[in-house]
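One structure is given below, encoded as structure tokens.
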Amino acid sequence: MKILFDTSILVAAFVKTHPKHFECFSWIKKTMTEKIEACISVHTLLEFYSAVTEILKINKLDSNSTIKIVKKNIYPHLNLVTYTENDYKNILVKISELHITGGACYDFLIAYAAFKQKVDFLLTLNKKHIENLSSGLNLSILEP
Numbered sequence: 006m007k008i009l010f011d012t013s014i015l016v017a018a019f020v021k022t023h024p025k026h027f028e029c030f031s032w033i034k035k036t037m038t039e040k041i042e043a044c045i046s047v048h049t050l051l052e053f054y055s056a057v058t059e060i061l062k063i064n065k066l067d068s069n070s071t072i073k074i075v076k077k078n079i080y081p082h083l084n085l086v087t088y089t090e091n092d093y094k095n096i097l098v099k100i101s102e103l104h105i106t107g108g109a110c111y112d113f114l115i116a117y118a119a120f121k122q123k124v125d126f127l128l129t130l131n132k133k134h135i136e137n138l139s140s141g142l143n144l145s146i147l148e149p
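Numbering (our numbering), first residue to last: 6 to 149.
Structure representation (structure tokens):
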């Protein structure tokens with residue numbers, strides 16, 4: 006099985022007070038103990054860092070703790086999906102055609118990583134949102 010985690014999954018998995026912590030962390034554990042190939046967009050790394058160090062006003066993590074999480078739990082178990090110049094050109098055309106604007110462009114970028122990697126499904130806590138903006142990518146989207 007091949008899956009892509011979006012930022013919402015990583016944040017919930019590594020913030021113990023998150024209401025979906027146990028469900029999301031169980032998926033991270035599966036990448037460590039089972040034959041699940043998992044990946045994330047390189048963009049997700051920065052979103053994760055931003056979310057857990059600043060956006061979360063309560064229980065935010067310091068930068069050293071966040072980097073330890075990334076080095077111990079993300080780098081060894083999740084493949085990073087990068088983008089080429091042509092990927093960005095294709096993404097810009099597609100978001101223009103779909104009239105995607107603002108912050109949703111970054112969510113499409115993550116969905117495109119799932120499309121590019123031909124994953125079995127994209128795991129997110131924002132299923133309806135991702136379904137709405139990723140039309141034409143033919144993705145299976147799962148919410149824990």
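Heads up, the beta-carbon is just placed ideally off N, CA and C, and yes, glycines get one too.
For residue i, the three-state DSSP class (helix, strand or coil)
i	result
Leu85	strand
Leu97	helix
Leu128	strand
Lys73	helix
Ile135	helix
Ile41	coil
Ile146	strand
Ile33	helix
Val20	coil
Asn64	coil
Selection from the options that minimises the alpha carbon distance to residue i
i	options	result
Leu15	Glu136, Thr38 and Ala43	Ala43
Asn84	Val47, Asp67, Ile105 and Thr58	Val47
Ala18	Asp92, Glu59 and Thr36	Thr36
Tyr54	Glu148, Pro149, Phe10 and Thr71	Thr71
Val86	Glu52, Ala118 and Asn143	Ala118
Glu4	Val75, Glu39 and Thr38	There is no way to answer for residue 4, as the model of the chain reaches only from 6 to 149.
Thr89	Thr49, Lys121, His82 and Cys110	Lys121
Pro81	Gly108, Ala109, Thr38 and Asn95	Thr38
Asn2	His26, Lys73, Leu144 and Leu114	Nothing about residue 2 can be read from this structure; the chain reaches only from 6 to 149.
Glu59	Val20, Ser145, Thr106 and Cys110	Val20
Within 8 angstroms, strictly: CB atoms of residue i and residue j
i	j	result
Leu130	Ala116	no
Tyr9	Leu128	Checking the displayed sequence, the identity of residue 9 turns out to be Leu instead of Tyr. Yes, these two residues count as a Cβ contact at 8 angstroms.
Leu66	Val57	yes
Asp92	Lys7	no
Glu148	Lys132	yes
Thr22	Asn69	no
Per DSSP, cross-strand counterpart(s) of residue i
i	result
Ser55	According to DSSP, which records beta bridges pairwise, Ser55 is partnered with nothing at all.
Ser46	Val86
Lys7	Glu42
Review point. Per the contact definition of three or more C-beta pairs closer than 8 angstroms, is the segment 89 to 109 in contact with the segment 22 to 32?
Key: Taking one beta carbon from each stretch, the segment 22 to 32 and the segment 89 to 109 have fewer than 3 pairs nearer than 8 angstroms; the two do not touch.
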